[in-house]
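Chains as they are written, first to last, in the working numbering: chain Y, 5 to 482; chain V, 105 to 425.
Quick reminder that beta carbons are idealized off the backbone N, C-alpha and C, glycines included.
To start, the structure itself, in structure tokens.
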């Protein structure tokens with residue numbers, strides 16, 4: 005079920021209302037059933053896979069808690085193998101087979117193809133497997149007692165607001181909240197609804213409008229002038245931010261209406277002045293997951309400089325691969341590795357430091373945005389050929405194709421003058437708001453009239469200018 | 105201020121303002137749609153008796169002139185073409201028409217290279233919001249993923265169905281611009297399609313038309329055949345003129361499209377008129393572009409079509425005008 009659908013418009017108030025009408029002891033069951041309904045709106049049968057991993061992780065958690073010595077590690081390994089195994093089969097098997105087939109053909113060993121699996125990737129698989137792994141790792145590390153209530157543990161993995169695209173929560177933050185008795189709080193309801201509206205604005209007004217241009221150009225990049233490719237890439241940088249942070253805002257807001265606090269996933273990443281700061285602000289729940297469970301496990305920065313760089317490279321390559329089974333994502337991760345290590349080297353060896361003034365800060369911000377946007381080419385391109393073609397054409401500023409002022413047509417949505425004006429206007433509004441208000445928009449709590457104006461304006465913009473063509477969220481595919 | 109007011113006031117205010125915005129925008133859109141609105145009203149709401157109904161996409165809208173055909177055959181015909189339409193929209197047009205009008209004596213259905221492509225079910229479903237009182241239109245939109253409850257009972261929610269193209273048309277309407285360009289005219293569903301003509305063959309081949317034959321499209325065609333049969337209406341299948349069959353080169357599924365039309369006609373013993381091979385199809389002066397006749401071409405073609413219809417009527421009993 006999409007947050008930007010009519011189904012959710014009915015689902016959300018019914019679930020929230022029932023939640024407060026039910027006594028505390030039944031609420032976990034209500035939320036679990038609701039989350040199952042939410043998930044089964046995509047491909048119902050896949051709930052069985054989800055439950056299988058939940059069962060394994062639940063049992064592994066208890067066994068880790070009960071066992072001692074090496075047995076604890078065995079249960080942790082079993083849990084990780086189960087989760088990574090599901091990911092490997094559903095997400096990476098066909099990619100692996102594809103590459104093996106290419107290799108076998110290239111070496112002339114065979115002309116036959118190894119068989120592919122005809123399966124569709126379960127929605128949000130990478131998110132809930134990472135959340136599940138976070139639980140068993142924390143239990144193993146002794147930071148979290150094992151959850152004995154199966155229903156509550158299942159709810160920890162399946163809690164509908166963050167089930168399919170995060171934020172990837174930690175058990176220490178979320179599990180205790182399911183045990184607490186929540187009382188209806190109108191302030192939480194207001195905060196939650198406001199944040200949901202803000203997320204919806206970013207998704208349906210900005211992201212889905214920019215998507216019309218981006219999709220048209222990235223579908224056939226060879227037919228476009230370098231300037232079109234640059235515009236499409238900048239638009240994609242804004243689109244993916246609004247799409248994903250919009251989803252996160254709606255998730256955090258939906259949870260907040262029932263009194264649950266989810267972690268902030270985005271902290272104005274495009275206002276970062278360097279690439280390290282960008283990663284401290286972008287998809288925070290995933291970045292910190294990799295930091296805590298992979299980077300630290302590899303030794304972090306404690307084993308010398310060279311090893312630190314290797315660890316950074318591993319984290320970013322795995323992060324790229326986490327996003328999708330395609331070489332484009334791996335190159336995206338590699339590019340960020342390059343950016344980060346260059347920045348670290350600069351910080352360490354540069355004979356002088358940049359002055360801290362408005363001009364330099366603005367230029368740093370712009371340079372960071374250019375680097376991040378360039379890497380997005382590989383993230384968004386359909387395949388490596390397209391990605392190289394686009395990167396090369398942009399760098400050469402290739403003018404062999406005609407510049408198209410507007411794109412679309414022939415039955416596809418048209419991105420014309422009206423779309424351009426609306427996209428630019430609403431993006432400016434979004435950036436100004438994010439510059440003035442903190443990520444959860446709490447400042448408005450104390451300013452009722454500003455809040456009224458903000459919410460009314462936003463709701464009008466969403467209804468009048470939103471795109472409600474049931475466009476999925478980009479991160480659902482991961 | 106109480107929190108509940110902070111939630112309710114923006115909702116109520118926004119809905120009221122959106123309703124006002126809807127009135128403004130829909131009035132702009134109505135002005136812009138100077139052809140579409142009366143055309144769809146005639147097709148789906150009016151009860152007028154017509155002798156003959158033409159169905160198809162823009163090739164019918166701008167290619168078949170009921171005025172010419174009426175004058176040559178003595179019949180009262182109506183051009184029920186839907187711009188950008190496919191077989192789903194043709195089926196809705198036929199059934200929606202029959203839900204309110206007396207059955208015509210003949211239906212002529214043009215099948216072309218976009219007819220069997222259902223990847224985008226409706227080219228412009230917003231245009232049907234003004235004719236939701238037609239039960240066929242209402243149920244067809246619902247059945248094809250466009251819930252119309254809000255659009256029907258709370259019209260302001262129609263705004264959520266507008267895309268930027270529709271929004272820009274609202275602005276154009278306010279500025280006095282309509283979809284009938286200067287020098288063009290409409291007549292009984294026909295909308296004239298400029299005086300432009302093809303100047304050089306090399307400039308007109310479209311390579312972006314990646315068309316498709318969708319699963320289920322043949323079922324819809326068979327359903328239309330059955331609907332006509334149930335109402336005892338003779339059905340003629342048609343392929344209207346395209347310039348020098350040029351689109352055959354750029355649309356890979358063209359042979360499949362023609363075979364589908366042909367086999368359906370044979371199987372159901374229907375007439376199938378291939379007018380893409382007429383001599384007029386080689387005359388660039390008749391075409392606004394490779395796929396569409398211009399104003400002069402539409403008149404010339406309507407004369408040819410009227411002659412064939414007249415012959416068809418003479419051979420078939422029960423066609424007294």
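Under 9 Å between C-beta atoms, does residue i make it to chain Y?
i	result
residue 111/V	yes
residue 319/V	no
residue 121/V	yes
residue 255/V	no
residue 294/V	no
residue 196/V	no
residue 386/V	no
residue 417/V	no
residue 129/V	yes
residue 265/V	yes
residue 207/V	no
Buried or exposed for residue i, going by 16 or more other Cβ atoms inside 10 Å?
i	result
residue 260/Y	buried
residue 384/Y	buried
residue 334/V	exposed
residue 495/Y	This structure cannot settle anything about residue 495/Y, because the visible part of chain Y is limited to 5 through 482.
residue 18/Y	exposed
residue 272/V	buried
residue 216/V	buried
residue 407/Y	exposed
residue 174/V	buried
residue 194/V	buried
residue 63/V	Here chain V has residues from 105 to 425 only, and residue 63/V is not among them.
residue 300/V	exposed
residue 307/V	In this prediction, residue 307/V has a pLDDT of 49, which is less than 50 and means its spatial position is unreliable; what the coordinates show is noted afterwards. Exposed.
residue 291/V	exposed
residue 285/V	exposed
residue 162/V	buried
residue 181/V	buried
residue 106/Y	exposed
residue 395/V	buried
Counting only beta-carbon separations shorter than 9 Å, does residue i have a partner in chain V?
i	result
residue 419/Y	yes
residue 225/Y	no
residue 464/Y	yes
residue 232/Y	no
residue 47/Y	no
residue 455/Y	yes
residue 10/Y	yes
residue 467/Y	yes
residue 422/Y	yes
residue 471/Y	yes
residue 459/Y	yes
Cβ of residue i within 9 Å of Cβ of residue j?
i	j	result
residue 252/Y	residue 270/Y	yes
residue 301/Y	residue 320/Y	no
residue 183/V	residue 168/V	yes
residue 139/Y	residue 203/Y	no
residue 213/Y	residue 426/Y	yes
residue 185/V	residue 166/V	yes
residue 257/Y	residue 199/Y	yes
residue 90/Y	residue 127/Y	no
residue 147/V	residue 340/V	no
residue 222/Y	residue 240/Y	yes
residue 343/Y	residue 323/Y	no
Mind checking who residue i pairs with in its DSSP beta bridge?
i	result
residue 393/V	396/V
residue 411/Y	419/Y
residue 228/V	According to DSSP, which records beta bridges pairwise, residue 228/V is partnered with nothing at all.
residue 86/Y	Residue 86/Y pairs with nothing; no bridge assigned.
residue 212/V	158/V, 340/V
residue 377/V	342/V
residue 295/V	290/V
Pick out the complete alpha helix (DSSP H) segments inside the region 150-185 of chain V, 4 residues or longer, and give them in chain order. 162-165, 170-177
Completely contained beta strand (DSSP E) runs for the region 300-370 of chain V, where each covers 3 or more residues: 339-343
Suppose only complete runs of 4+ residues qualify. What are the alpha helix (DSSP H) ranges in the region 134-207 of chain Y, listed by chain order? 154-162, 175-183, 190-204
Mind pulling the alpha helix (DSSP H) runs of 4 or more residues that sit fully within the region 195-267 of chain Y? 212-223, 230-261
Can you list the alpha helix (DSSP H) stretches of 4 or more residues lying completely in the region 13-55 of chain Y, in chain order? 28-44
Counting only runs of 4+ residues fully inside the region 327-404 of chain Y, write out the alpha helix (DSSP H) ranges in chain order. 331-353, 362-384, 388-400
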